[in-house]
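Engineer: Residue numbers (the numbering used here): 63 to 376.
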């Protein structure tokens with residue numbers, strides 16, 4: 063009888079623990095765990111913040127995936143992650159999925175970034191592009207038609223252009239196509255695409271006739287292998303830099319970077335602590351990894367926005 067009673071008690075304990083664990087996940091994940099996914103562009107700053115956070119709270123397991131902004135929003139909308147890294151604002155259809163799943167969220171700006179148009183260091187002809195030239199290269203109509211450099215400018219070589227760019231799930235891809243082509247996601251498809259910016263770096267670095275684009279921070283980390291092209295948005299050629307991105311002269315390829323936090327995660331105190339830590343440290347850490355920090359006042363506005371979100375949803 064005692065043996066049967068002991069088994070029953072143990073069984074109940076296991077079931078109870080399992081149920082509590084499920085409830086924890088429904089309420090934003092288990093305490094001690096923070097799950098993040100999304101933009102490869104935002105990853106370096108989020109990882110830098112996470113590394114500092116881990117040194118202060120080593121008991122908290124912060125995991126960061128890189129599935130692109132679109133991939134992160136898919137997981138975020140299904141309630142699979144606490145925080146989504148994003149290099150563009152959430153789209154209406156992504157927000158609709160989150161709403162269907164009863165997920166409320168807050169959008170927080172964490173830094174600024176410029177998109178770098180990069181060429182091989184041996185390229186001494188196409189050191190500057192107008193927006194119209196970039197559009198002519200990347201628009202859907204260019205596929206199978208615009209194949210050589212001299213089709214863009216007769217003075218350029220009669221050699222094939224080899225294109226490298228982020229995959230379609232990337233917020234960088236969405237932003238570039240909207241700014242250059244005029245419609246988000248509108249692009250030729252015959253280019254080497256990857257969600258891993260390091261693949262793009264290696265592609266252009268190893269090809270004299272290569273041309274690509276990705277976040278400025280990745281150029282800064284690889285400037286010994288690549289050259290940076292200027293972009294003329296209508297007021298003359300400008301190269302992206304901390305100054306030109308921040309003062310708005312590098313147009314139209316400068317943008318804010320975001321994290322999104324869902325309301326169910328607020329029941330996990332580690333998530334709340336992490337986001338506050340992120341907003342406190344992002345300015346200094348953004349500069350360390352090649353991004354452009356916002357002002358102290360701008361970070362204070364984001365902190366106030368998050369604290370209000372916490373107060374309204376806890």
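Positions of the beta carbon are idealized from the N, C-alpha and C atoms, including for glycine.
(1) Mapping the DSSP letters down to three states, classify residue 181 as helix, strand or coil.
(2) Taking the alpha-carbon of residue 193 as reference, which of 297, 207 and 365 has the nearest alpha-carbon?
(3) Quick one: Cα of residue 225 to Cα of residue 318, how far?
(4) Counting only the same chain and skipping the five closest in sequence on each side, list residues whose C-beta sits under 8 Å from that of residue 195.
(5) Are the Cβ atoms of residue 281 and residue 288 separated by less than 8 Å?
(6) Would you identify the three-state DSSP class for residue 338, choosing helix, strand or coil?
(7) Taking only three categories from DSSP, how would you classify residue 253?
(8) For the beta strand (DSSP E) holding residue 277, just list the boundary residues, first then last.
(9) Can the beta-carbon of residue 377 be found closer than 8 Å to that of residue 324?
(10) What residues in its chain sit with their C-beta under 7 Å from that of residue 243, if we drop five residues either side in the sequence?
(11) Taking the C-alpha atoms as reference points, what is the distance between residue 373 and residue 95?
(12) Could you tell me if residue 331 is buried or exposed, where buried requires 16 or more neighbouring beta carbons within 10 angstroms of its beta carbon?
(13) Whole angstroms is fine: what's the gap from residue 268's alpha carbon to residue 212's?
(14) Give me whichever residues DSSP pairs with residue 320 in a beta bridge.
(15) State buried or exposed for residue 117, treating a residue as buried only when at least 16 other CB atoms are found within 10 Å of its CB.
(16) So what does residue 123 bridge to, in DSSP terms?
(17) For the alpha helix (DSSP H) containing residue 378, name the first residue and the last one.
(18) At a cut of 8 Å, does the segment 154 to 161 reach the segment 173 to 181 through at least three beta carbon pairs?
(19) Express the C-alpha separation of residue 223 and residue 257 in angstroms, rounding to a whole number.
(20) Tell me whether residue 311 sits in a helix, a strand or coil according to DSSP, three-state version.
(21) Are there 16 or more other CB atoms within 10 angstroms of the CB of residue 241, so buried, or fewer, so exposed?
(22) Assign residue 140 to buried or exposed, taking buried as 16 or more other Cβ atoms, counted over all protein chains shown, within 10 Å of its Cβ.
(23) Between residue 370 and residue 128, what straight-line distance do the alpha-carbon atoms span, to the nearest angstrom?
(24) Over what stretch of residues does the beta strand (DSSP E) that includes residue 228 continue unbroken?
(25) Going by the CB atoms, is the gap between residue 278 and residue 178 shorter than 8 Å?
(26) Less than 8 Å separating the beta-carbons of residue 345 and residue 361?
(27) Please classify residue 269: does DSSP put it in a helix, a strand, or coil?
(28) Should residue 284 be labelled buried (16 or more other beta-carbon atoms within 10 Å of its own) or exposed?
(29) Starting from residue 292, follow the beta strand (DSSP E) in both directions and report where the run begins and ends.
(30) Roughly how many whole angstroms lie between the Cα atoms of residue 105 and residue 221?
(31) Could you say which of 343, 352 and 350 lies nearest to residue 358 if we only look at CA atoms?
Structural biologist: Per the coordinate set shown:
(1) strand
(2) 297
(3) 25 Å
(4) 214 and 215
(5) yes
(6) helix
(7) coil
(8) 272 to 277
(9) As displayed, the chain neither begins before 63 nor continues past 376, which places residue 377 out of reach and without an answer.
(10) 197, 200, 201 and 249
(11) 22 Å
(12) exposed
(13) 21 Å
(14) 148 and 171
(15) exposed
(16) 95
(17) One cannot answer for residue 378 here, as it falls past the ends of the chain, which runs 63 to 376.
(18) no
(19) 21 Å
(20) coil
(21) buried
(22) exposed
(23) 29 Å
(24) 224 to 228
(25) yes
(26) yes
(27) coil
(28) buried
(29) 292 to 294
(30) 35 Å
(31) 343
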